[in-house]
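A.B. asks: The structure that follows is given in the form of structure tokens.
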Amino acid sequence: PPKPPPPIIIVPDPPSNNEERPAHLLEDPLCADVILVLQEKIKIYAHKIYLSTSSSKFYDLFLMDLSEEDQQSTTGHGFGVAVTAAAERMLHQEERHHGRDFLLRAASFDICESAEEAGPGQRKPCLRASTSDGILRGDRYENGERGLRRGRNLSSWSRAFTSIQEEMAEDPLTYKSKLMVVVKMDASIQPGPFRAVLKYLYTGELDENERDLMHIAHIAELLEVFDLRMMVANILNNEAFMNQEITKAFHVRRTNRVKECLAKGTFSDVTFVLDDGAISAHKPLLISSCDWMAAMFGGPFVESSTNEVALPHTSKSCMRAVLEYLYTGQFSSSPDLDDMKLIILANRLCLPHLVALTGQSGWLQHGRVAVTPLQPPPDPRVSPPTEQYTVTGLMEAAQMMVDIDGDVLVFLELAQFHCAYQLADWCLHHICTNYNNVCRKFPRDMKAMSGENQEYFEKHRWPPVWYLKEEDHYQRAKKEREKEDYLHLKRQPKRRWLFWNASSSPSSSPSSSAATASSSSSSS
Numbered sequence: 051p052p053k054p055p056p057p058i059i060i061v062p063d064p065p066s067n068n069e070e071r072p073a074h075l076l077e078d079p080l081c082a083d084v085i086l087v088l089q090e091k092i093k094i095y096a097h098k099i100y101l102s103t104s105s106s107k108f109y110d111l112f113l114m115d116l117s118e119e120d121q122q123s124t125t126g127h128g129f130g131v132a133v134t135a136a137a138e139r140m141l142h143q144e145e146r147h148h149g150r151d152f153l154l155r156a157a158s159f160d161i162c163e164s165a166e167e168a169g170p171g172q173r174k175p176c177l178r179a180s181t182s183d184g185i186l187r188g189d190r191y192e193n194g195e196r197g198l199r200r201g202r203n204l205s206s207w208s209r210a211f212t213s214i215q216e217e218m219a220e221d222p223l224t225y226k227s228k229l230m231v232v233v234k235m236d237a238s239i240q241p242g243p244f245r246a247v248l249k250y251l252y253t254g255e256l257d258e259n260e261r262d263l264m265h266i267a268h269i270a271e272l273l274e275v276f277d278l279r280m281m282v283a284n285i286l287n288n289e290a291f292m293n294q295e296i297t298k299a300f301h302v303r304r305t306n307r308v309k310e311c312l313a314k315g316t317f318s319d320v321t322f323v324l325d326d327g328a329i330s331a332h333k334p335l336l337i338s339s340c341d342w343m344a345a346m347f348g349g350p351f352v353e354s355s356t357n358e359v360a361l362p363h364t365s366k367s368c369m370r371a372v373l374e375y376l377y378t379g380q381f382s383s384s385p386d387l388d389d390m391k392l393i394i395l396a397n398r399l400c401l402p403h404l405v406a407l408t409g410q411s412g413w414l415q416h417g418r419v420a421v422t423p424l425q426p427p428p429d430p431r432v433s434p435p436t437e438q439y440t441v442t443g444l445m446e447a448a449q450m451m452v453d454i455d456g457d458v459l460v461f462l463e464l465a466q467f468h469c470a471y472q473l474a475d476w477c478l479h480h481i482c483t484n485y486n487n488v489c490r491k492f493p494r495d496m497k498a499m500s501g502e503n504q505e506y507f508e509k510h511r512w513p514p515v516w517y518l519k520e521e522d523h524y525q526r527a528k529k530e531r532e533k534e535d536y537l538h539l540k541r542q543p544k545r546r547w548l549f550w551n552a553s554s555s556p557s558s559s560p561s562s563s564a565a566t567a568s569s570s571s572s573s574s
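According to the numbering used here, the sequence shown is numbered sequentially starting from 51.
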């Protein structure tokens, strides 16, 4: 019978709710670390990592030094001189922003022109002492120690913010006090349009049916989110279909910024302690992309209230690969990454899509096999499946006359134990189609296999047992037939051979020549 074809490795579709989870995280602010205050009374909880990776203005805001010299001096001896210098800078900045505002609005949108709608940025420059200037002495922290609340005035830095301050605040879900960043927004920003802007910063999408598009454009201009302002213009011009390209560009930019934050540990709020080191991560991104992480950080577990999480039997290379997959949906290979260890970790974290979809462009090393791919993936942004890559590496090793039977036995048990079923099916197919060779080289390993595997081998081995019996019977019958033919030929008389030898002897040549001569003479 023909050899059965190997199974096809199929990559399952990714989770379909990738864009819904960040929006849900905005509505249910788990692990929030930012409080955005609107109109002095409305609080909106958000996350640094989402705001900073979607808006350069928020990125610069959260990295701002809140303990500068001029801010510290306002609480000391040189209060009058510092206020005067700060007032001059503030006046110059506000005059410049005040003149620039009308140019920007004339070129884009005309909003908030009436006295009732005008915000603080429309008033004449004035000097006032802010309660958030400088380093302020705060209340006692939860642990009873005396702490410092740092903050500064932002009126001269941006039209969107008035002040920023670090203080102990109550978590909206756990009701525990923790250090959070409180940002007071400009009074012209209204809650409804601002929530639409936040949704864009979290998901990159804007609903076409939003009613306050002009106010959304105004907030986008204050925050310098020009892509959002362009999306509003497309909707107003009945060209909303062009917003799809803007959303794609948004995700590309945020992916690059998230990778940078992951590499540098910027805005991280949790540290994973691993076997060979530690890696900083971000709870909001993990919660919105992994149910296992959401249960750990949002459930009644110790990890939900701590900044360090221990993950034993995990390497930094595998954890970094998993984090990058959860953050961006993509994966960049590294030479020190073990594909089987990555499959094991992905299975531990309940990520079946990652078990099939990830990649590696370096060495595939496991046991006795070391395989270099003949052709790397054509696009580094597109990662081949782990199971498919492993199969490809083993097949290329076999083509280079490398013995892979022992490694296939190891891969089979690991793949079955860690739910890599497609890789396990391929290993079963390889062992079944090379059953005799594998049994001859690894008899003990084959006997140590589980009963289910041994039963599968007996049922699907190629060639099958019935064929081997038929072939054995055929070969024995063939040998007996050949032996009988040989004996039959051996018993034949030798006169036939003498007759043929006599006919071909030299003595017959004269008579033949004479016959030829007589025939020629008669013809003449």
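The beta-carbon is built from N, C-alpha and C at its ideal position, and this holds for glycine as well. Computed from a predicted structure; not experimentally measured.
With burial defined as no fewer than 16 other Cβ atoms inside 10 Å of the residue's Cβ, what is the status of H97: buried or exposed?
C.D. replies: It is buried - the Cβ of H97 has at least 16 other Cβ atoms within 10 Å.
A.B. asks: Short of 8 Å in beta carbon distance, which residues of its chain neighbour T321, apart from the five on each side in sequence? Order them along the chain.
C.D. replies: Contacts found: A328, I329, S330, A331, N357, E358 and V359.
A.B. asks: For M450, count neighbouring C-beta atoms within 10 Å of its own C-beta (all shown protein chains included) and say buried if the count is 16 or more, exposed if not.
C.D. replies: Burial call: exposed.
A.B. asks: Quick one: grab the DSSP three-state call for R71.
C.D. replies: The answer is helix: DSSP assigns R71 an H, G or I state.
A.B. asks: Skipping 5 residues on each side, what residues in its chain have a beta carbon closer than 6 Å to that of L256?
C.D. replies: Same-chain partners within the cutoff: Y250 and M281.
A.B. asks: Under the rule that 16 or more other beta-carbon atoms within 10 Å means buried, what is M114, buried or exposed?
C.D. replies: M114 comes out exposed.
A.B. asks: Taking the C-alpha atoms as reference points, what is the distance between V458 and E505?
C.D. replies: Roughly 18 Å separates the two Cα atoms.
A.B. asks: Which residues does DSSP pair with A360 in a beta bridge?
C.D. replies: For A360, which the question treats as bridged, DSSP gives the partners V323.
A.B. asks: Based on DSSP bridge pairs, tell me the residues matched to Q215.
C.D. replies: DSSP lists G201 and V232 as partners of Q215.
A.B. asks: Taking its Cβ as the centre, do 16 or more other Cβ atoms sit within 10 Å of N203, making it buried, or is it exposed?
C.D. replies: Under this definition N203 is a buried residue.
A.B. asks: Leaving out five residues on either side along the sequence, give the residues of the same chain with a beta carbon under 7 Å from the beta carbon of P334.
C.D. replies: Contacts found: L75, C81, H97, I99 and Y100.
A.B. asks: Use the C-beta contact count for K230: other C-beta atoms within 10 angstroms, 16 or more gives buried, fewer gives exposed.
C.D. replies: Here residue 230 is Met; the residue named in the question, Lys, does not match the sequence. Buried, because 16 or more other Cβ atoms sit within 10 Å of the Cβ of M230.
A.B. asks: For I85, which three-state DSSP category applies?
C.D. replies: In this structure, I85 counts as strand in the three-state DSSP scheme.
A.B. asks: My guess is that P72 and W476 are in contact by the Cβ rule of under 8 Å, so how many angstroms apart are they, rounded?
C.D. replies: Contact flag wrong, Cβ pair sits at about 36 Å.
A.B. asks: May I ask you to list the residues that DSSP assigns as paired with E583?
C.D. replies: Since the first residue of the chain shown is 51 and the last is 574, residue 583 is not available in this structure.
A.B. asks: I need the boundaries of the beta strand (DSSP E) containing R533, first residue and last residue.
C.D. replies: For the sequence presented, residue 533 should be read as Lys rather than Arg. Segment V515 to K540 is the alpha helix (DSSP H) holding K533; no beta strand (DSSP E) there.
A.B. asks: For S106, which residues in the same chain have their Cβ closer than 8 Å to its Cβ, ignoring the five residues on either side in sequence?
C.D. replies: Here the set comprises E274.
A.B. asks: Whole-angstrom Cβ separation of V61 and M235, contact assumed at under 8 Å?
C.D. replies: Their Cβ separation, rounded to whole angstroms, is 44 Å, which puts V61 and M235 out of contact at 8 Å.
A.B. asks: In the region 428-493, which residue ranges form an unbroken alpha helix (DSSP H) of at least 4 residues, counting only runs that do not cross its ends?
C.D. replies: Those alpha helix (DSSP H) runs which fall completely within the region 428-493 and span 4+ residues are 436-449, 455-467, 471-483 and 485-491.
A.B. asks: Measuring alpha carbon to alpha carbon, tell me which residue in E310, E258, T440 and F467 is nearest Q294.
C.D. replies: Of the candidates E310, E258, T440 and F467, the one whose C-alpha sits nearest the C-alpha of Q294 is E258.
A.B. asks: Going by the CB atoms, is the gap between S104 and R304 shorter than 7 Å?
C.D. replies: Taking 7 Å as the Cβ cut-off, R304 and S104 qualify as a contacting pair.
A.B. asks: Among residues of its own chain, excluding the 5 on either side of S355, which ones have a beta-carbon nearer than 8 Å to its beta-carbon?
C.D. replies: Within the same chain, S355 has close Cβ partners T224 and K226.
A.B. asks: Taking the alpha helix (DSSP H) that I285 belongs to, which residues open and close that run?
C.D. replies: Per DSSP, I285 belongs to the alpha helix (DSSP H) from F276 to L286.
A.B. asks: If we count the other Cβ atoms within 10 Å of its Cβ and call it buried at 16 or more, is M292 buried or exposed?
C.D. replies: Flag for M292 reads exposed.
A.B. asks: Do A470 and V372 have their CB atoms nearer than 7 Å?
C.D. replies: Result no, Cβ atoms of A470 and V372 do not sit closer than 7 Å.
A.B. asks: Residues in the same chain with beta-carbon distance under 7 Å from Q89, minus the five sequence neighbours each way, listed in chain order, please.
C.D. replies: A237, listed in sequence order.
A.B. asks: Can you name the residues that DSSP bridges to Y95?
C.D. replies: Paired residues: I85.
A.B. asks: Under 7 Å, do D389 and S365 count as touching if we go by C-beta distance?
C.D. replies: Taking 7 Å as the Cβ cut-off, D389 and S365 do not qualify as a contacting pair.
A.B. asks: Would DSSP call S355 helix, strand or coil?
C.D. replies: S355: helix per DSSP, three-state reduction.
A.B. asks: Below 8 Å on the Cβ atoms is my contact criterion, and I expect P79 with P222 to pass it. Report the Cβ-Cβ distance as a whole number of Å.
C.D. replies: P79 to P222, Cβ: 6 Å. Contact.
A.B. asks: Write down the C-beta distance between C400 and D341 rounded to the nearest angstrom, noting that I regard them as a contact closer than 8 Å.
C.D. replies: With 8 Å as the limit, C400 and D341 qualify as a contact, their Cβ atoms being about 6 Å apart.
A.B. asks: Helix or strand or just coil, what does DSSP make of I329?
C.D. replies: Reduced to three states, the DSSP call for I329 is strand.
A.B. asks: By how many angstroms is the C-alpha of D495 removed from the C-alpha of V488?
C.D. replies: Distance between the alpha carbons of V488 and D495: 9 Å.
A.B. asks: Quick check on V302: buried or exposed, where buried means 16 or more other Cβ atoms within 10 Å of its Cβ?
C.D. replies: Answer is exposed; the Cβ neighbour count stays below 16.
A.B. asks: Given this structure, state the Cα-to-Cα distance separating A283 from K298, to the nearest angstrom.
C.D. replies: A283 and K298: Cα-Cα distance of roughly 17 Å.
A.B. asks: So for S182, helix, strand or coil by DSSP?
C.D. replies: Residue placement at S182 is flagged as unreliable, the pLDDT there being 35, under the threshold of 50; a coordinate-derived value is accordingly withheld.
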